[in-house]
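In the working numbering, the protein residues as written are 4 to 187. Beta carbons: idealized from backbone N, C-alpha and C, even for Gly.
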Amino acid sequence: MVPPTSSATRPRLVVVEGDITRQDVDAIVNAANTTLLGGGGVDGAIHRAAGPELLAECRTLGGCPTGEARITRGYRLPARWVIHAVGPVWRGGRHGEDELLARCYRHSLALARERGLKTIAFPAISTGAYGFPLERAARIAVRECRAFLEANPDFGEIRLVCFGPAARAAFEAALRETAPDRPD
Ligand code: AR6
4 MVPPTSSATR PRLVVVEGDI TRQDVDAIVN AANTTLLGGG GVDGAIHRAA GPELLAECRT
64 LGGCPTGEAR ITRGYRLPAR WVIHAVGPVW RGGRHGEDEL LARCYRHSLA LARERGLKTI
124 AFPAISTGAY GFPLERAARI AVRECRAFLE ANPDFGEIRL VCFGPAARAA FEAALRETAP
184 DRPD
């Protein structure tokens, strides 16, 4: 019999509460802005933890449009790579925000796959300074991550890192709402 913790049954989509800069995964995702030159929130925390070399590499990239992502090294972070995704600013929900947020997840995951990475951690993109409603963002994140894992059976783990109990509750609810028959 296969024990429940074996790789055959271990969930590949997980929600944790914590600080993304501490995650020991191949890549962490940053909730960046179009300049890619740093900011507050998770962006500030990632730049502080990675060290000044991260900003130096970001300066070479020439920015990034909303809904896309760019990859850099992780420098002093436990993660070897940082994927900088630019989420939409919430403007009421009728300005393509849902699709732009979904594209952030899709593009970040595509970059990870192209590089042959197996584990990735996301923050709740756009739900801080950019004002995207948490429950709505969580549903989009979970939907896109599940679709990616379904299409990429060799991918190891997507970790959704929640900064505090409110985010954790929203993401856990989104996971339950859309639970597949089999573990992800
Ligand atoms: N680990 C995990 N999640 C975190 C951390 C952390 N260390 N710190 C904050 N969060 P935000 P946005 C959560 O504002 O809304 C920046 O200035 C936070 O609680 O960081 O996409 C950029 O430069 C929230 O749930 O990003 C942009 O200008 C989530 O991360 C702008 O903010 C995202 O909050 C982007 O805004």
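Can you tell me whether Phe158 is helix, strand or coil according to DSSP? Working through the sequence shown from its first residue, we reach residue 158 at position 155. It is coil, neither helix nor strand.
Backbone CA spacing between Asp101 and Ile143 [nearest angstrom]: For the purposes of this step, residue 101 is taken as the residue at position 98 of the sequence shown. For the purposes of this step, residue 143 is taken as the residue at position 140 of the sequence shown. Approximately 7 Å between the Cα atoms of the pair.
Just the Cα atoms here: how many angstroms apart are Gln26 and Ile128? On the sequence shown, position 23 is the one that residue 26 refers to. On the sequence shown, position 125 is the one that residue 128 refers to. Approximately 16 Å between the Cα atoms of the pair.
Using C-beta distances below 6 Å, list every residue in its chain close to Phe151, excluding the 5 sequence neighbours before and after it, in chain order. Numbered from its first residue, the sequence shown carries residue 151 at position 148. Answer for Phe151: Leu112, listed in chain order.
Bridge partners of Glu117, per DSSP? Translated into the one-based positions of the sequence shown, residue 117 becomes position 114. Paired residues: none, contrary to the question.
Verify the contact flag: Thr130, CB atom, against every heavy atom of the ligand AR6, threshold strictly below 8 Å. As a first step, residue 130 must be located in the sequence shown, where it is residue number 127. Correct: Thr130 has its Cβ closer than 8 Å to the ligand AR6.
Under the criterion of a Cβ to heavy atom distance below 8 Å, does Thr24 qualify as lining the ligand AR6? Within the sequence shown, residue 24 is the residue found at index 21, counting from 1. Yes - the ligand AR6 has a heavy atom lying nearer than 8 Å to the Cβ of Thr24.
Is it the case that the CB of Cys165 approaches a heavy atom of the ligand AR6 more closely than 8 Å? Sequence index remark: in the sequence shown, residue 165 carries index 162 (1-based). Yes - the ligand AR6 has a heavy atom lying nearer than 8 Å to the Cβ of Cys165.
Find the nearest neighbour of Leu16 within the set Gly134, Pro81, Thr122, judged by alpha-carbon distance. Reading the sequence shown from its first residue, position 13 is the one you call residue 16. Comparing Cα positions, the closest option is Thr122.
Residue(s) in a DSSP beta bridge with Phe125: Looking up residue 125 in the sequence shown gives position 122. Answer by DSSP bridge pairing, in chain order: Leu163.
On a Cα-Cα basis, can you pick out the residue from Glu180, Ala176, Arg162 that is closest to Asp22? Position 19 of the sequence shown holds residue 22. The shortest C-alpha separation from Asp22 is found at Arg162.
What three-state label does DSSP hand Glu147 in the structure shown? What you label residue 147 is simply residue 144 of the sequence shown in a count that begins at 1. In this structure, Glu147 counts as helix in the three-state DSSP scheme.
Check whether the segment 132 to 139 touches the segment 91 to 100, counting contact only when three or more Cβ pairs, one atom from each stretch, lie closer than 8 Å. yes
Taking buried to mean at least 16 other C-beta atoms within 10 Å of its own C-beta, is Val19 buried or exposed? Mapped onto the sequence shown, residue 19 falls at position 16. Classification for Val19: exposed.
Pick from Leu104, Thr181, Arg83 that is closest to Ile49, judged by C-alpha positions: Working through the sequence shown from its first residue, we reach residue 49 at position 46. The candidate whose alpha carbon is nearest that of Ile49 is Arg83.
Considering Cα atoms alone, identify which of Arg76, Gly77, Leu80, Leu103 is closest to Val89. Counting from one through the sequence shown, the residue named residue 89 turns up at place 86. When each option's Cα is compared against that of Val89, the closest is Leu103.
Near Arg62, what residues of its chain come up, given a Cβ to Cβ distance below 6 Å and the 5 sequence neighbours on each side ignored? Reading the sequence shown from its first residue, position 59 is the one you call residue 62. Nothing listed; no residue qualifies.
May I ask you to check if the CB of Pro81 is nearer than 8 Å to at least one heavy atom of the ligand AR6? Within the sequence shown, the letter at position 78 stands for residue 81. False, no ligand heavy atom lies under 8 Å from that Cβ.
Hey, would you say Thr37 sits closer than 9 Å to Pro68, going by beta carbons? As a first step, residue 37 must be located in the sequence shown, where it is residue number 34. As a first step, residue 68 must be located in the sequence shown, where it is residue number 65. Contact flag set, yes.
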